[in-house]
Amino acid sequence: MRIDWIEDLVALLDSGGVADAARLRNVTQPAFSRRIKVLEDVLGIELIDRSVKPSGPSSVLRDREADLRKLATEQRLLLSDMRQEQSTGLRQLVIASQHAITTSMGTRIINSVAEPSRTHIRLRSANRDECETLLIRRQAAISLTYRIKSEPVSELASFLAEAVIGEERLIPVCGALHSDDLMERFAAGVLRVIGYPVDVFLGAAVSRHILPALEGRCRVSVVTETGLSTAALQLSQSGLGIAWVPAALAHPDVSRGDLVNLEDTLGWIDMDIVAQRWATSSNAAMLDAWKRLTSKL
857 MRIDWIEDLV ALLDSGGVAD AARLRNVTQP AFSRRIKVLE DVLGIELIDR SVKPSGPSSV
917 LRDREADLRK LATEQRLLLS DMRQEQSTGL RQLVIASQHA ITTSMGTRII NSVAEPSRTH
977 IRLRSANRDE CETLLIRRQA AISLTYRIKS EPVSELASFL AEAVIGEERL IPVCGALHSD
1037 DLMERFAAGV LRVIGYPVDV FLGAAVSRHI LPALEGRCRV SVVTETGLST AALQLSQSGL
1097 GIAWVPAALA HPDVSRGDLV NLEDTLGWID MDIVAQRWAT SSNAAMLDAW KRLTSKL
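To convert, take the position in the sequence shown, counting from 1, and add 856; that gives the working numbering.
Shown next, in the form of structure tokens:
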């Protein structure tokens, strides 16, 4: 599909109507309508719902809105990379990094792999499944993710080269000003928790390896959920509940006394930080970055 077609569809979704979409795309309404009609003929899909006035995006188009926006973003990034490589002569290298790793180690990662005169590093932060997908689709040269030490190796291991570049511990923390109150509640039989969705890595880890042991000692009350460990850290600091976060992320606040580490009471999870790449890749920039990454972190 042509890049301008994707942008046309996103404009249609953004505006909700043909006339406004045409203005967004800086063309006349008849010209924009013709472009959409050509695309409908090519794809055999109704993209505009003409049964209502004013006409707008069809249900099929709305159902795929997230996919189209993601595709449009990826296309823009690809073009940006190509333009930058042409204008600067720098090699492009994409590293997909799990959100919490990016937050706690982003600077170290860039400093360890960057060769300023030769390589431009793009650190893409994502959840673990997305990091794996970016690597499999070769949209990232290297992925950095957590792996619980007891977790089995991926089925793709035979196709990938990997190295454990560090260790991390998922620890329970809460704001120092609120720890006494939260632990009194725990002693009385209720543990207030900042949770993660179970379909993200940290949520699945806590659900499988922490909560079963606690449920025999108390009632776990999930007061709110967030997909980001940084948000969980802030919420726990406010006194809302206890959150399990990477120790490296919590360390500055624990050292200052703003957070309390409750791992001895509530349990922890030991994890490896795993770097992966395609085993057969011969990309010189990637191999150089891999050597630096696996030797310096």
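Ideal Cβ placement from N, Cα and C applies to all residues, glycine included.
Under 9 angstroms between C-beta atoms of VAL1029 and ASP1109:
Your numbering for residue 1029 matches position 173 in the sequence shown. Your numbering for residue 1109 matches position 253 in the sequence shown. Yes; because the gap between Cβ atoms is below 9 angstroms, this pair is in contact.
In whole angstroms, what is the alpha-carbon distance linking ARG891 and ARG881?
Walking along the sequence shown from the start, residue 891 turns up at place 35. Walking along the sequence shown from the start, residue 881 turns up at place 25. If you draw a straight line from the Cα of ARG891 to the Cα of ARG881, it comes to about 11 angstroms.
How would you write the range of the alpha helix (DSSP H) that ASP1109 sits in, first residue to last?
On the sequence shown, residue 1109 is found 253 positions in, with the first residue counted as 1. From DSSP, the alpha helix (DSSP H) with ASP1109 extends over 1103–1112.
C-alpha gap between LYS893 and ALA996, whole angstroms
The residue given as residue 893 occupies position 37 in the sequence shown. The residue given as residue 996 occupies position 140 in the sequence shown. Counting only the Cα atoms, ALA996 lies some 35 angstroms from LYS893.
Starting from GLN1132, trace the beta strand (DSSP E) both ways and give me its first and last residue.
Position 276 of the sequence shown holds residue 1132. Start and end: 1125–1134.
Using CA atoms only, rank isn't needed, just tell me which of ARG964, ASP919, TYR1002 is closest to GLY1059.
As a position in the sequence shown, residue 1059 is number 203, starting the count at 1. Looking at the Cα atoms, TYR1002 is the closest of the given residues.
Hey, ILE1004 and ILE1125 are a contact pair by Cβ (cut 8 angstroms); roughly how many whole angstroms apart?
Translated into the one-based positions of the sequence shown, residue 1004 becomes position 148. Translated into the one-based positions of the sequence shown, residue 1125 becomes position 269. Rounded to the nearest angstrom, the Cβ distance from ILE1004 to ILE1125 is 6 angstroms, consistent with a contact under 8 angstroms.
Could you pull the DSSP bridge partners for TYR1002 from this structure?
Here residue 1002 corresponds to residue number 146 of the sequence shown, with the count starting at 1. Residue pairing for TYR1002: DSSP places it in a beta bridge opposite ILE1129.
Whole angstroms are fine: how far does the CA of ARG1048 sit from the CA of GLY1072?
Here residue 1072 corresponds to residue number 216 of the sequence shown, with the count starting at 1. Here residue 1048 corresponds to residue number 192 of the sequence shown, with the count starting at 1. So the alpha carbons of these two residues sit roughly 15 angstroms apart.
Integer-rounded CB distance, given that ALA1088 should sit under 8 angstroms from GLY1123:
Your numbering for residue 1123 matches position 267 in the sequence shown. Your numbering for residue 1088 matches position 232 in the sequence shown. With a contact defined as Cβ atoms closer than 8 angstroms, GLY1123 and ALA1088 miss out at about 16 angstroms.
Could you spell out the range, first to last residue, of the beta strand (DSSP E) harbouring VAL908?
As a first step, residue 908 is located in the sequence shown; it is residue number 52 there, counting from the start. Under the DSSP assignment, VAL908 falls outside any beta strand (DSSP E); it carries neither an H nor an E label.
Taking 7 angstroms as the limit between beta carbons, can you name the residues of its chain near SER973, skipping five residues before and five after?
Here residue 973 corresponds to residue number 117 of the sequence shown, with the count starting at 1. The pLDDT assigned to SER973 is 48, lower than 50, so where the model puts this residue is not dependable, and the model offers no usable value.
If you draw a straight line from the C-alpha of ASP905 to the C-alpha of LEU865, how long is it?
Residue mapping note: residue 905 aligns to position 49 of the sequence shown, counting from 1. Residue mapping note: residue 865 aligns to position 9 of the sequence shown, counting from 1. Whole-angstrom Cα-Cα distance: 13 angstroms.
Buried versus exposed call for GLU1018 [16 or more other C-beta atoms within 10 Å across all chains shown]:
Walking along the sequence shown from the start, residue 1018 turns up at place 162. GLU1018 comes out buried.
Verify whether the separation of the beta carbon atoms of LEU1149 and VAL969 is less than 9 angstroms.
Position 293 of the sequence shown holds residue 1149. Position 113 of the sequence shown holds residue 969. Against a cut-off of 9 angstroms, the Cβ pair of VAL969 and LEU1149 comes out as a contact.
Whole beta strand (DSSP E) runs in the region 983–1071 with 3 or more residues, listed along the chain?
Unbroken beta strand (DSSP E) runs of no fewer than 3 residues, entirely contained in the region 983–1071, are found at 998–1004, 1016–1031, 1046–1051, following chain order.
Is it right to say PHE888 is buried, meaning 16 or more other beta carbons lie within 10 angstroms of its own, or is it exposed?
Residue mapping note: residue 888 aligns to position 32 of the sequence shown, counting from 1. With 16 or more other Cβ atoms from the protein chains shown falling within 10 Å of its own Cβ, PHE888 counts as buried.
Sort out for me which residues DSSP pairs THR1080 with in a bridge.
Counted from its first residue, the sequence shown places residue 1080 at position 224. Beta bridge pairing from DSSP links THR1080 with ILE1050.
Leaving out five residues before and five after GLY912 in sequence, what residues of the same chain have Cβ atoms less than 8 angstroms from its Cβ?
On the sequence shown, residue 912 is found 56 positions in, with the first residue counted as 1. Answer for GLY912: LEU868, GLY872, GLY873, VAL874, ILE904, ASP905, listed in chain order.
Which of the three DSSP states is assigned to LEU1118 in this structure?
To locate residue 1118, count along the sequence shown from 1; it is residue 262. DSSP places LEU1118 in coil when its eight states are reduced to three.
Per-residue DSSP class, three states only, for LEU1096:
The count along the sequence shown starts at 1 and reaches residue 1096 at position 240. DSSP, reduced to helix, strand and coil, places LEU1096 outside both helices and strands of the structure shown, so it counts as coil.
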